[in-house]
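Only one structure is covered here, and it is reproduced in the block below.
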Amino acid sequence: MGRGLAAVLGCALWIWSGSATAAVILLYHHVAEDTPAATSVTVEQFAGHLAQLKAEGFDVLRLDQLVAAVQDGAPASRKLAAITFDDAYQSIFRNARPLLAEYGWPATVFVATDAVGQGRQMMTVAQLQQLHREGHLLVNHTASHRHLIRRPQQVTEADWRALVWADIEQGQAQLTAWLGSAPPRYLAYPYGEHDGMVRELLAEHGYLGFAQRSGALDAGVDWQDVPRIPVNRHYAGWSSLGDKVRALPWMVSVVAPASPVTDVARPELVLTLPRAWQGRVQCFAGNAMEQRWQLDGERVQLRATPAADLPAGRTLVNCTAAAGGGRFHWHSHLWLRRSGGQWPAE
C-alpha cells in the first residue's frame, strides 16, 4: 500500500474515532472503606466518579436502556454509560444508592441469589425489592456464583452443561419470584469467567453475557461477551479510569483463541485489524508484549505474546490504539491460566 493511501486510511480512522458513540459499562462490587481493595472503591472515589461522568457529559442509563440505545444505533454525539454492581452487597444499598439518587441515575445490580440475606454484608430481599421499586434494575449473576468454566474432572461435559444451565435458571427464577416479573435475560459471569460452552448456552436461551474486561461497545459487540470496565481502589483514579470511560469501540473482526482458558505460559493473542492500524496498537499484560504484524489482504494480523510467563490464574491483556483527541480504542482479553492442568486456589 502506498504512503498516500495509508495517510487517507489513517485520516479516515481519526474521523471515525472522533465521532463514534462512547457506550461503556462500569463494574463495581463494594462501595466502602473496610472491604478488600481489589473489589472495592471508597465512598469518596465513587462520588468522584459520578461527578466526573456528569462533568464529561455522559448520559447514565440503566443497563437495559443502554443496551436498547446501542442496538438501535444511538446518535454518534451521545456519550452513554451504565453503572453496574455485582453480588448485591449492603454497601451498594447504604452507600452507593444515596449518591446515585443525588443525580437521579439508575444502577443495575447482578444478584447471586443464594447469598441474598446471608450475613451482614449481603442485601436482604426487602432491600432488593426497594431498589426495584426505585427504578434500579436487578438481573442474574447465577444462584450459586460458582466458577462456570471450572469443570471437575469427574463430571462429564454433558452433566456440567446441565449443572451450569440449572444454576442460571435457578437465579432467574428466584429473581422473578422476588420482583413479581421476569428480569431481562442478562447474565454477569461470576469472576468474569466464560468459555465457548457457556457463551453458546446463553445464546441458545436468549441471554446476553456480561464480562469483566475494559472496552466500549457498539451494535457490533459480541452480545455474549459484553465488556464491563472493572473498577477498584487500585485503579480508581480518574487519570487512568477516565481513559477507559472515554474509550471507543475496537474494530476487530477476529480474536483468537475463542477461549480464555490456557495451559500455556506465554499464550498468543491474535487480532485481525484494519490495515491502517499497523504499528498503532500497543498491548500490555502487566508489561509490554512482543508484537508481530502480518499482512492479511486488506487487513493486518497482530500476534501478541507476553514477554514473560503468565502467573497461574487471571491476567488481563489490554490493547489500545490512539484515536485522536485524547481518546483510545480499547480492547481487553482475559487469560485464565491453569498450572499443570489444575486451577489455582481462590
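If you count by mature numbering (1 follows the signal peptide of the UniProt record, and there is no 0), then the sequence shown holds residues -22 to -1, 1 to 324, one letter each, in order. Just so you know, even glycine gets a beta-carbon here, dropped at the ideal spot from N, CA and C.
Cβ neighbours of S317 within its own chain (closer than 6 angstroms, five residues either side excluded): A290. For the pair E22 and L186, the Cα-to-Cα distance works out to about 32 angstroms. Proximity to G319 across R75, D241, A136 peaks at D241, based on C-alpha coordinates. Counting along the chain, P76 sits inside the alpha helix (DSSP H) bounded by residues 75 to 81. In the DSSP assignment, V295 forms a beta bridge with H311. Across the structure, D12 and Y167 are spaced so that their CA atoms are roughly 25 angstroms apart. Secondary structure of G193 (DSSP, three-state): strand.
By the Cβ test, the region 108 to 117 is not in contact with the region 300 to 313, since fewer than three Cβ pairs between them sit closer than 8 angstroms. Inside the region 22 to 81, DSSP marks whole beta strand (DSSP E) runs of 3 or more residues at positions 37 to 39, 57 to 64, from first to last along the chain. Residue pairing of R270 in beta bridges, as defined by DSSP: R281.
When DSSP assignments are scanned along the region 160 to 192, the uninterrupted stretches of beta strand (DSSP E) that are 3 or more residues long and fall wholly within it turn out to be 164 to 166, 186 to 188.
Taking D203 as the centre and dropping the five residues before and after it, the same chain places the C-beta of H172, R177, G187, A189 closer than 8 angstroms to its C-beta, in chain order.
If you draw a straight line from the Cα of F63 to the Cα of V19, it comes to about 12 angstroms. Ranking Q260, G264, Q256 by CA distance to the CA of Q272 puts Q256 first. Within the same chain, and ignoring the five residues on either side of L77 in sequence, the residues whose Cβ sits closer than 7 angstroms to its Cβ are F24, A25, L28.
Inclusion of V103 and V94 in the CB contact set at 8 angstroms is warranted, their separation being smaller than that value. By the neighbour-count criterion, in which 16 or more other beta carbons inside 10 Å mark a residue as buried, K222 falls on the buried side. Where T154 is concerned, the enclosing alpha helix (DSSP H) starts and stops at 135 to 157. Sequence-distant Cβ neighbours of K32 in its own chain, meaning closer than 7 angstroms and more than five residues away, are Y81. Annotation: the continuous alpha helix (DSSP H) that includes V103 extends over 103 to 111. Of the residues Y6, Q131, P14, the one whose Cα lies closest to the Cα of F71 is Y6. Secondary structure of V223 (DSSP, three-state): helix.
Restricting attention to P322, P208, R56, H183, the CA atom closest to the CA of A140 is found in H183. An exposed status is given to H212, since fewer than 16 other beta-carbon atoms sit within 10 Å of its beta-carbon. Checking the DSSP bridge columns, you'll see T91 has no partner listed. According to the DSSP secondary-structure assignment, Y6 is paired through a beta bridge with F63. The beta-carbon separation of V233 and I127, rounded to 17 angstroms, does not stay under the 8 angstroms limit for a contact. Comparing C-alpha distances from A151 to each of D137, T120, T134 shows the shortest one belongs to T120.
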